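Student:
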Amino acid sequence: QDKEKLEICKLNDPPSAETVKDMIKYARNVIEEFRRAKHYKYILCLTLTPLICELSLDKMGAVFEDSNVYMLHMMYQAMGVCLYVQDWEGALCYGQKIIKPYSKHYPSYSLNVASMWLKLGRLYMALNNRTAGVKALKR
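Under our numbering, the first residue of the sequence shown carries the number -8, and numbering increases by one thereafter.
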């Protein structure tokens, strides 16, 4: 299962081991920067932070599949930024991308999966999609 968590894009010309190693290093650094910023209740510039998340995801997405653990961590950080700046649609979009791989990587009753369904349910409800909200909350 660890191999699934570190899935790399399936390309005609796969990335070199060095490229993958460099991207893992980049991913760890950028994720740690976001965690540190959140820990100190310091968010860069609120208008730039979502853009930084997107740029980081684009860069990492050239090497990693969306189900890669580093992509999931970055999407989770991006979802958190969207929640912080009250971009409910953006947060929902990231949550929808995260839930399927989370459900694959973690047991169905794990805290990670359960808390993501809770967040999705609350976001659906806030965006007046009661049917999807109730369905998510029941999971």
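Every residue, glycine too, gets a C-beta built ideally from N, C-alpha and C. Note that this is a predicted model, so its numbers are computed, not measured.
Would you report the Cα separation of I15 and Y61, rounded to the nearest angstrom?
Tutor: Cα to Cα, I15 sits roughly 8 Å from Y61.
Student: Please state if the CB of P41 and the CB of V72 are separated by a distance shorter than 8 Å.
Tutor: Yes, Cβ-Cβ distance for V72 and P41 is below 8 Å.
Student: Under the rule that 16 or more other beta-carbon atoms within 10 Å means buried, what is Y100, buried or exposed?
Tutor: Exposed is the call here.
Student: Quick one: residues in its chain with C-beta nearer than 6 Å to the C-beta of A18, no 5 flanking neighbours on either side, listed in chain order?
Tutor: Within the same chain, A18 has close Cβ partners M51 and Y61.
Student: Pull up the distance between the alpha-carbon of V11 and that of N103, whole angstroms please.
Tutor: Distance between the alpha carbons of V11 and N103 is about 26 Å.
Student: Short of 6 Å in beta carbon distance, which residues of its chain neighbour I43, apart from the five on each side in sequence? Order them along the chain.
Tutor: Nothing listed; no residue qualifies.
Student: Leaving out the 5 sequence neighbours to the left and right, which residues in its chain are closer than 8 Å to I89 when beta-carbon positions are compared?
Tutor: Counting only Cβ-Cβ distances below 8 Å, and skipping sequence neighbours, we find L63, M66, Y67, M70 and M107.
Student: L111: buried (16+ other C-beta within 10 angstroms of its C-beta) or exposed?
Tutor: So L111 ends up on the buried side.
Student: What does the alpha-carbon distance come out to for the pair D13 and Y75?
Tutor: About 30 Å.
Student: Once the 5 residues before and after L48 are set aside, which same chain residues still bring their CB inside 8 Å of it?
Tutor: Within the same chain, L48 has close Cβ partners M62, M65, M66 and A69.
Student: Tell me which same chain residues have a C-beta within less than 6 Å of the C-beta of Y93, skipping the five on either side of it?
Tutor: Excluding positions up to five away in sequence, the list reads N103, V104 and M107.
Student: If you draw a straight line from the C-alpha of F55 to the C-alpha of Y115, how long is it?
Tutor: Distance between the alpha carbons of F55 and Y115: 28 Å.
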